[in-house]
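Heads up: the sequence shown runs through residues 146 to 860, numbered per this note's numbering. Think of the CB as a built atom: it goes at the ideal place given N, C-alpha and C, for glycine as much as any other residue. Taking it in order: structure first as structure tokens, then the write-up.
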Amino acid sequence: MAERSFAKEVQKLKIGEGETFTGEGILAITKALLEAGVGYVGGYQGAPISHLMDVLADAEEILTELGVRYEANASESAAAAMLAASVHYPIRGAVTFKGPVGVNVASDALANLSSSGVTGGALVIIGEDYGEGSSIMQERSHAFAMKSQMWLLDPRPNLPSIVQSVHQGFELSEATNTPVMLMVRIRSCHVTGSFEAKDNKRPPFTVKDALANPRSDYARVVLPPMSYIQEHDKIDNRWPAAQKHIVEHKLNEMFGPGEAPVGIVLQGGMYNGVIRALQRLGLADIHGETEIPLYVLNVTYPLISDEFLEFCEGKSAVLVVEEGQPEFIEQALGSMLYRAGKSIGLHGKDMLPMAGEYTGQVMLDGIEAFLKKAAPEFLPARLRAPNSEEKPALPDLSKTVPIRPPGFCTGCPERPVFAAIKLTEQAHGKHQIAGDIGCHLFATLPPFEIGGSTMGYGLGPASNAAFDGGGDKRSISILGDGGFWHNGLSSSIGNAVYNKSDGVIVIIDNFYSAATGGQDILSSRAENASKATGHPIADAVKGVGVKWVRQIDRTYDVPKMREILNEALTTDHVGPKVIIAASECMLNKQRREKPLANKAISEGRRVEKPRFGVDEDICTGDHACIRLSGCPSLSLKKLDDPLRDDPVASIDQSCVGCGNCGEVADAAVLCPSFFRADVVHNPRWLERTMGSFSGRVISWLQNRRSRGRIEFGQV
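If you want it as structure tokens, here you go:
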């Protein structure tokens with residue numbers, strides 16, 4: 146169950162010539178693929194293109210009708226390897242995944258693909274996850290494009306440009322026999338707009354046609370001596386062909402006056418930010434007409450020397466707007482100017498930050514600084530002076546606004562697993578714990594502070610390999626079910642079995658690839674019409690040789706979870722100890738159950754919902770339940786009681802009734818202040834009668850107690 150359904154939106158993919166398509170960037174990309182006659186598509190989910198995979202999944206019926214093969218690949222590496230279909234056959238293929246971590250995972254397949262070259266157009270749609278919205282290390286995919294000689298498109302972030310870049314990407318790939326990377330940032334994926342649609346095309350040559358007429362060509366196998374020939378082919382043939390195609394088809398764009406003393410060279414993805422900054426400086430209008438010449442690099446690799454030098458003619462200075470580091474484009478352009486003997490001032494990272502996201506304010510400050518230095522006559526008089534209108538210092542909000550680190554959702558079934566680990570460490574001492582990519586990585590933050598490293602998706606146990614050779618205490622590794630099927634089964638579990646590792650491996654099985662949007666995986670419990678689910682993780686780990694396996698199917702049972710952990714840490718068994726902690730992701734469970742419950746309530750059917758609370762008279766104000774849970778629904782409440790200074794624990798309306806707080810309290814032997822109350826919607830007549838009677842009895846007892854207190858006070 147993905148976090149968002151596109152079942153209705155994908156119907157727009159059927160519109161044809163003369164109609165206007167309106168929607169999100171990810172839908173526009175899918176429509177462009179169909180218009181381009183793509184023969185097969187695949188990929189692996191991950192921000193910011195998770196929804197693109199969801200769109201493709203929801204549109205699978207439409208794809209099938211057109212003869213397009215769709216596959217939700219097991220990893221980015223599997224997706225990139227899928228493009229091998231375009232090596233020998235004139236089939237257009239496209240895959241998508243998160244960059245740069247997806248590119249890192251897929252690097253082996255991509256490098257081989259680039260070396261062999263392709264016959265059909267091969268497009269890799271990279272969701273560039275960079276900036277403050279990113280959840281990964283801050284790197285760029287640009288370096289890989291240069292290393293492996295793959296052409297890199299970075300279109301302007303509007304729907305017509307994005308759609309056009311899909312068509313141009315396939316054409317460039319086929320004209321140069323080279324795979325092409327198409328970069329779309331998060332704003333490109335979710336920008337909305339419209340474009341004039343074209344008819345969808347059935348692929349002229351399908352994967353079925355290829356199966357009926359198999360081909361092979363030793364010249365495209367990446368082995369000596371052909372690999373040496375392929376390297377020369379890249380430089381001697383493919384690169385010149387790419388530069389020629391880019392120029393002839395005007396893939397890059399120029400805006401603004403033909404002559405001016407200065408100009409701006411920018412990545413296509415930076416266009417909206419640049420034009421907005423110029424508008425704020427009074428140098429561009431709302432339609433994008435600019436007084437400063439712009440050279441927009443919709444293709445950021447390879448760069449075209451003649452095109453750039455022509456843009457620089459008559460200019461004394463040029464600013465390069467290139468987000469991220471190192472400044473690959475700026476360095477390359479500087480080399481072109483030097484070799485051409487030009488003395489033009491080249492600015493970039495001296496005016497703009499070396500690292501970090503180029504937000505609107507960053508862009509405005511950088512362009513203003515450039516114009517103030519190189520062409521102050523373009524600026525209003527009030528901005529021309531070197532220190533004109535000093536901006537007031539922004540207040541340091543970190544001193545007044547508390548930080549808000551990411552954390553587990555309310556009711557998350559992973560929370561009690563880490564509560565159990567924390568309680569176990571109270572008995573056994575602190576352990577060497579390695580985390581992994583996924584929701585469970587939030588356990589490194591308060592209140593758990595468990596684990597302190599992550600080396601890659603599915604590599605949690607592998608990153609603890611150095612500590613698995615025996616010691617006073619066994620190491621503990623965390624691995625999610627998504628990471629397990631992505632890479633963990635071979636790289637972590639198989640590695641541990643082969644090396645007779647002595648560590649404990651906890652596999653968090655929440656039934657989905659939860660961190661990427663709740664997509665189904667091999668071990669998902671839900672039935673999937675087009676995919677095979679229901680394959681137990683326990684069977685897989687036993688299949689590769691793990692002998693000690695324990696599974697708990699209700700992670701909220703903290704005492705049971707702690708008991709299994711104690712057993713794993715103290716057993717005499719030689720070899721890896723695997724604990725499978727299985728409970729459904731609460732976020733997906735709520736997405737699935739809430740609509741059903743709301744429908745039942747509206748239809749007058751009886752629905753019972755559990756709620757938990759804290760008895761204020763019993764709670765001691767110890768707050769250990771919060772320290773061992775950290776659930777967002779747990780908060781503090783100040784009592785109107787002069788004899789009790791400390792606030793008590795309180796459960797707010799976001800509670801989903803998982804019971805974790807009470808379980809933790811019980812496991813830690815804290816207090817009996819937690820209680821469960823079942824809220825009944827549309828109760829039966831007997832329940833209403835009993836409820837009314839109970840209410841009257843309670844009211845009578847309360848009034849009697851109050852009267853007794855008054856009488857006692859009078860005495």
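Under the three-state reduction of DSSP, which class applies to residue i: helix, strand or coil?
i	result
residue 169	strand
residue 588	helix
residue 755	strand
residue 669	coil
residue 283	coil
residue 593	coil
residue 434	coil
residue 487	coil
residue 860	Residue placement at residue 860 is flagged as unreliable, the pLDDT there being 43, under the threshold of 50; the coordinate-derived value follows with that caveat. In this structure, residue 860 counts as coil in the three-state DSSP scheme.
residue 602	coil
residue 446	strand
residue 701	coil
residue 826	strand
residue 849	helix
residue 515	helix
residue 273	strand
residue 736	helix
residue 360	coil
residue 160	coil
residue 819	strand
residue 529	helix
From the DSSP output, read off the bridge partner residues of residue i.
i	result
residue 558	For residue 558, which the question treats as bridged, DSSP gives no partner whatsoever.
residue 883	Nothing about residue 883 can be reported from this structure: the residues present for the chain run from 146 to 860 only.
residue 325	268, 296
residue 177	For residue 177, which the question treats as bridged, DSSP gives no partner whatsoever.
residue 835	According to DSSP, residue 835 bridges with nothing at all.
residue 440	399, 410
residue 621	578, 649
residue 492	464
residue 616	Answer is none; residue 616 lacks a bridge partner.
residue 341	165
residue 664	658
residue 745	In the DSSP output, where bridge partners are listed per residue, residue 745 has none listed.
residue 429	435
residue 185	214, 238
residue 796	779
For residue i, I'd like the list of residues in its chain whose CB is within less than 7 Å of its CB, leaving aside the five on either flank, ordered along the chain.
i	result
residue 802	754, 755, 756, 757
residue 450	481
residue 392	449, 452
residue 780	795, 797
residue 337	168, 169
residue 190	198, 658, 661, 662, 664
residue 234	264, 265, 350, 355, 360
residue 768	794
Enumerate in chain order the residues of its own chain whose CB-to-CB distance from residue i is below 8 Å, with the five nearest sequence positions on each side excluded.
i	result
residue 731	554, 555, 556, 557, 558, 801, 803
residue 839	none
residue 799	555, 777, 778
residue 860	Its pLDDT being 43, under 50, residue 860 is placed unreliably in this model, and the value from its coordinates should be taken loosely. The answer is none, since no qualifying residue turns up.
residue 836	828
Could you name the residues of the same chain whose beta carbon sits closer than 6 Å to that of residue i, not counting the 5 residues immediately before and after it, in chain order?
i	result
residue 439	400, 401, 409
residue 387	296, 321, 447
residue 683	694, 696, 725
residue 171	196, 197, 200, 334
residue 308	173, 177, 340
residue 775	592
- Query: Do the segment 632-649 and the segment 743-751 meet, that is, are 3 or more Cβ pairs less than 8 Å apart?
  - Reply: no
- Message: My parser needs the beta strand (DSSP E) runs of 3 or more residues fully inside the segment 188-267; what are they?
- Response: 214-217, 238-244
- Is the segment 516-530 touching the segment 683-692 in the sense that three or more CB pairs, one from each, lie closer than 8 Å? no
- Message: I want to know whether the segment 368-385 touches the segment 193-211 - three or more CB-CB distances under 8 Å.
- Response: no
- For the segment 669-684 and the segment 710-721, state whether three or more C-beta atom pairs, one from each stretch, are separated by less than 8 Å. no
- Query: Does the pairing of the segment 326-333 with the segment 150-161 give three or more beta-carbon distances under 8 Å?
  - Reply: no
- Message: Closer than 8 Å is the cut-off here; do at least three beta carbon pairs connect the segment 301-315 with the segment 273-293?
- Response: no
- Examine the Cβ distances between the segment 362-369 and the segment 415-423 and report whether three or more of them are shorter than 8 Å. no
- Query: Is there contact here, the segment 179-196 with the segment 219-232, by at least three beta-carbon pairs under 8 Å?
  - Reply: yes
- Hey, which unbroken runs of the alpha helix (DSSP H) at 4 residues or more fall wholly within the segment 759-794? 769-772
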